[in-house]
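A.B. asks:
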Amino acid sequence: MTATSSPSPRLTPSGVPHAGGTGTLGDRTVSRIGYGAMQLERPHTDRDTAIALLRRAVELGADHIDTAQFYGDGFVNGLIRDAFRPEDGVTVVSKVGADPNPGGTLPLRPAQRPEQLRASVEDNLGSLGLDRIPVVNLRRLDVGPGLRAEGDQVVDIDDQLAVMTALRDEGKIGAIGLSGVTLDGLRRALPADIVCVQNAYSLVARGDEEMLRLCAEEGIAWVPFFPLGGAFPGLPKVTGEPAVVAVALSLGRTPAQVGLAWLLHHTPNVLLIPGTADAAHLEANMAVGAIELDEAALAALAAVESRSVDIALG
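Its first residue numbered 1, the sequence shown is counted upward by one per residue in UniProt numbering.
1. Taking buried to mean at least 16 other C-beta atoms within 10 Å of its own C-beta, is Gly15 buried or exposed?
2. Is Gly174 close to chain D, meaning its C-beta is less than 8 Å from at least one C-beta of that chain?
3. By the three-class DSSP mapping on this structure, what secondary structure does Gln112 have?
4. So within the stretch 5 to 75, which uninterrupted beta strand (DSSP E) runs reach at least 3 residues, ignoring any that extend past its ends?
5. Where DSSP assigns a beta bridge to Asn137, which residues make up the other side?
6. Could you name the residues of the same chain whose beta carbon sits closer than 7 Å to that of Arg132, not counting the 5 residues immediately before and after it, in chain order?
7. Check whether the Cβ of Pro114 sits closer than 7 Å to any heavy atom of the ligand SAH, and report yes or no.
8. Is Val223 helix, strand or coil by DSSP?
9. If you follow the beta strand (DSSP E) that Ile194 is in, where does it begin and where does it stop?
10. How would you label Glu41, buried or exposed, when you count the other beta carbons within 10 angstroms and need 16 or more for buried?
11. Do Pro227 and Leu264 have their C-beta atoms within less than 8 Å of each other?
12. Give a yes or no on whether the C-beta atoms belonging to Tyr201 and Pro233 are separated by under 8 Å.
13. With the cut-off set at 8 Å, would you say Asn137 and Ser179 are in Cβ contact?
14. Quick one: what does DSSP say Val270 is sitting in, helix, strand or coil?
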């Protein structure tokens, strides 16, 4: 099965065109540009503004929202619960595999054991106010950047998938995704009917091309996080690349918009979830689906060097 997407004129449940056209997420048709809610854990003192931003994303054509219980220890999930009604038709995608770590050197700690994954799904259900979460990503800690598992947090993927499949069978989650996974891990997980993969991936970090091709062949959505690179010190940034800057100038766009547009052009199974807490940036992100990259621009961008993102923290 091959994943497909198109600039479909069909409307979202809210009655507006899908941002970036449509793609598939399991058995759902969603906008190719969604919204990553992680940055909403920052403005804790301005709840109304954060909720307004979520609703604005839907008004601009996003109909899937990426979140996690560990974003503000349930704070962001609570925003999503209060921002949307069932009739909005928003597909919520959450993730498990880490827990909040208040007061720690890092804000998160691994939570990879099966009982921890189950507890995290239950926490997500409670904070989101849902009976079932449409998609839940199992955040593995196999590849960077970010946390790595040690000790009893090193858990075989088959044991994790067993509890995720049980939760799906119980109706608590609708579908299973993977994040921070290796190519071998994805291959082992395919019998569990994986619907999406979230790995760090951008124009300047294209080490997962073989995995991306496998996802396309299997009808699995590719949902890159850190789509513009540069999330941690030492990581390259898409927006600093001369070729990206040059293409942006030629199109009258920003380098960030070109970096996101390249991802949409690169392969049809890409779904974007750019995040921001700024309304102007949100509108710029949602507009990248209208950017056309001609053969010359694509060739210039393809020549950008790809570098490693495999940085472990903790």
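Using N, Cα and C, we set each Cβ at its ideal position, and we do this for glycine too. From a predicted model like this one, the values you see are computed outputs, not experimental measurements.
C.D. replies: By the coordinates alone:
1. exposed
2. Checking the listed chains, one finds no chain D in this structure; it contains a single protein chain.
3. coil
4. 22 to 25, 28 to 31, 64 to 66
5. Lys95, Gly177
6. Gly171, Lys172, Ile173, Gly174
7. For the ligand SAH, the structure offers nothing, since it holds no ligand at all.
8. coil
9. 194 to 198
10. buried
11. no
12. no
13. yes
14. strand
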